[in-house]
Ligand code: CMC
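Numbering (the working numbering), first residue to last: 877 to 1304.
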């Protein structure tokens, strides 16, 4: 096949750039030689048209509402798979055979404990510290405990670091919760599933046995699957950028956690539930819709809209069904779910939201489920971080093993002062 090229006409002449095909999805124009040849940069704030890497992990078609992990549709994975299986898939590229899955699950369960010294870190935080503040700190601090898995040039050390991060995130997140309510930390219990163990460490107490509810375990496992990876989003790109300098994996994941915290990204699940609570009653919805449409009001419907999905978010569909199942199992009715459903209905029939292609995203219903299970709102984004760690480490590993990998170094359109001479303070 002859190589396709794209012609670019610049003030300095015409140049040709290769058009690289992906296995599916848009081709990319390879502009790596652009600056060298033309002396010009491209300008793309927010990277809306820029592919910063090659990746074989996750594919999204935002117009069709398609999300594939290593080729498998997210709804099939959410319905038929388990979080451990998806973790293996993201890390290694194929679904595990039974023996591989058993070995992987065993390995992860053997890394769930954290160094006792790490527990003392928690005491340095205020009791009302946001769990994401704690997670930024303690995950970064893991770098100081596991020196034997920070040589990023060694694939085996990279794998051990990945296992450690996946395994320890539930322990660290549960500890953040326990610290906030003044209860003792619970050790992991390795004969429970990844998700069952997390539920126990979060909601169990040493004074009595904890029985995992399989419906809740299943729902939470599904939530973890739905959050496991999402292509080159802000936090994943942050992990890649941090990792591109050769930083150790624990520090890189801490950087990803910091980025995820923002309300435009992972923090939206917390913000969405707070918004639904604030709306409080179906009768108040029109006023909030009006605010969301008002150009002079910074208010946005949290849990609505997505940079990539312009049709629907396939994760939101599964999430909505899961919300119904969890509330039924718990025998709960939640006025917040009624508000959510009605808000979705009204917004999806409103010209503003239709024209701007704004649909509920993954965070719209996840908060309702997590709230019903008993997680306080502040924990929502920490749960997102726990699940996304799998995607982060898979993407980080892919980047480190990519021969085309370079330190990330965006350029800029400089619009500041041109060169001028320094004037001493008395003469200004
Ligand atoms: N409510 C009201 N208007 C909105 C909303 C919203 N939630 N989202 C976008 N718009 C409007 C926006 O005002 C803009 O209008 P105009 O063209 O008149 O200026 C237009 O839609 C396009 O918005 P944008 O901000 O340019 O789009 P973006 O691709 O940069 O932003 C987004 C995507 C997710 C940041 C944004 O939709 C948003 O802030 N949503 C609420 C926060 C949220 O739910 N985030 C979770 C995303 S999914 C999980 C994750 O990635 O972590």
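Here a beta-carbon is modelled for each residue, glycine too, at the ideal position from N, C-alpha and C.
Inset, instruction - Starting from the C-beta of residue 1113, find all residues in its chain whose C-beta is less than 7 Å away, skip the five residues before and the five after it, and write them out in chain order. - result: 928
Inset, instruction - Could you tell me the distance, in whole angstroms, from the CA atom of residue 1021 to the CA atom of residue 1127? - result: 12 Å
Legend entry - Contact the region 1172-1182 vs the region 1218-1235: 3+ CB pairs below 8 Å: yes
Inset, instruction - Go ahead and label residue 1032 buried or exposed: buried means 16 or more other beta carbons lie within 10 angstroms of its beta carbon, across all protein chains shown. - result: exposed
Legend entry - Which of helix, strand or coil DSSP assigns to residue 1016: helix
Inset, instruction - Hey, could you find the ends of the beta strand (DSSP E) residue 1055 is sitting in? - result: Annotation: residue 1055 is outside any beta strand (DSSP E); the continuous alpha helix (DSSP H) that includes it extends over 1031-1057.
Legend entry - Three CB pairs or more closer than 8 Å across the region 938-954 and the region 963-976: In this structure the region 938-954 touches the region 963-976; the number of beta carbon pairs closer than 8 Å is three or more.
Inset, instruction - Out of 1023, 1018 and 1055, state which residue places its alpha-carbon closest to the alpha-carbon of residue 1041. - result: 1018
Legend entry - Contact set for residue 981: own chain, Cβ-Cβ below 7 Å, skip 5 residues either direction: 960
Inset, instruction - Kindly provide the ranges of any alpha helix (DSSP H) runs that are 4 or more residues long and lie completely inside the region 1211-1236, ordered along the chain. - result: 1211-1224 and 1227-1231
Inset, instruction - Could you tell me the distance, in whole angstroms, from the CA atom of residue 1256 to the CA atom of residue 1012? - result: 15 Å
Inset, instruction - Check whether the Cβ atoms of residue 1243 and residue 1148 sit closer than 7 Å, and answer yes or no. - result: yes
Legend entry - Enclosing beta strand (DSSP E) for residue 892 [first to last residue]: 889-896
Inset, instruction - Would you tell me roughly how many angstroms separate the C-alpha atoms of residue 939 and residue 1190, rounded to the nearest one? - result: 11 Å
Legend entry - heavy atom of the ligand CMC below 6 Å from residue 1004 C-beta: No.
Inset, instruction - Using alpha carbons as the reference points, say which of 1029, 994 and 1023 lies closest to residue 1014. - result: Out of 1029, 994 and 1023, the CA that lies nearest to the CA of residue 1014 is found in 994.
Inset, instruction - Output the distance between the C-alpha atoms of residue 972 and residue 933, rounded to the nearest integer angstrom. - result: Counting only the Cα atoms, residue 933 lies some 15 Å from residue 972.
Legend entry - Proximity below 7 Å, CB of residue 1098 to CB of residue 1198: yes
Inset, instruction - Would you check if the region 1199-1217 and the region 1256-1268 touch, i.e. whether three or more CB-CB distances between them fall below 8 Å? - result: no
Inset, instruction - Would you kindly check if the distance between the Cβ of residue 1091 and the Cβ of residue 1272 is under 7 Å? - result: no
Inset, instruction - Output the distance between the C-alpha atoms of residue 1210 and residue 1165, rounded to the nearest integer angstrom. - result: When rounded, the separation of the alpha-carbon atoms in residue 1210 and residue 1165 is 21 Å.
Inset, instruction - Classify residue 1175 as buried or exposed, calling it buried when 16 or more other Cβ atoms lie within 10 Å of its own Cβ. - result: By the neighbour-count rule (16 or more Cβ atoms within 10 Å), residue 1175 is not buried but exposed.
Inset, instruction - Return yes when at least one heavy atom of the ligand CMC lies under 6 Å from the C-beta of residue 923, else no. - result: False, no ligand heavy atom lies under 6 Å from that Cβ.
Legend entry - Pair within 7 Å by beta-carbon distance, residue 881 and residue 914: no
Legend entry - Three-state secondary structure assigned by DSSP to residue 1282: Three-state DSSP puts residue 1282 in coil, outside helix and strand.
Inset, instruction - Determine the direct distance from the alpha carbon of residue 1160 to that of residue 970, and round the result to whole angstroms. - result: Near 48 Å, if we compare the C-alpha coordinates of residue 1160 and residue 970.
Legend entry - Among 1067, 1286 and 989, nearest to residue 1120 - alpha-carbon criterion: 1286
Legend entry - Contact between the region 1074-1094 and the region 1225-1243 (3+ Cβ pairs under 8 Å): no
Legend entry - Euclidean distance between Cα positions of residue 1106 and residue 1141: 11 Å
Inset, instruction - Spatial neighbours of residue 1360 within its chain, please: CB distance less than 7 Å, with the 5 preceding and 5 following residues excluded, ordered by chain position. - result: With the chain covering only 877 through 1304, there is no way to say anything about residue 1360.
Inset, instruction - Leaving aside the five residues before and after residue 1073 along the sequence, list all residues of the same chain whose C-beta is less than 8 Å from its C-beta, in chain order. - result: Here residue 1073 has 985, 988, 1046, 1064, 1065 and 1066 as same chain residues with Cβ atoms under 8 Å from its own Cβ, once five neighbours each way along the sequence are excluded.
Inset, instruction - Kindly list the residues whose CB is nearer than 8 Å to the CB of residue 1225, restricted to its own chain and excluding five residues on each side of it in sequence; keep chain order. - result: Correct list: empty, nothing qualifies.
Inset, instruction - Would you mind sorting residue 1025 into buried or exposed? The rule is 16 or more other CB atoms within 10 Å of its CB. - result: buried
Inset, instruction - Could you tell me if residue 1023 is buried or exposed, where buried requires 16 or more neighbouring beta carbons within 10 angstroms of its beta carbon? - result: Result: exposed.
Inset, instruction - Within 10 angstroms of the Cβ of residue 923, are there 16 or more other Cβ atoms? Answer buried if so, exposed if not. - result: exposed
Legend entry - Any non-hydrogen atom of the ligand CMC closer than 6 Å to residue 1237 Cβ: yes
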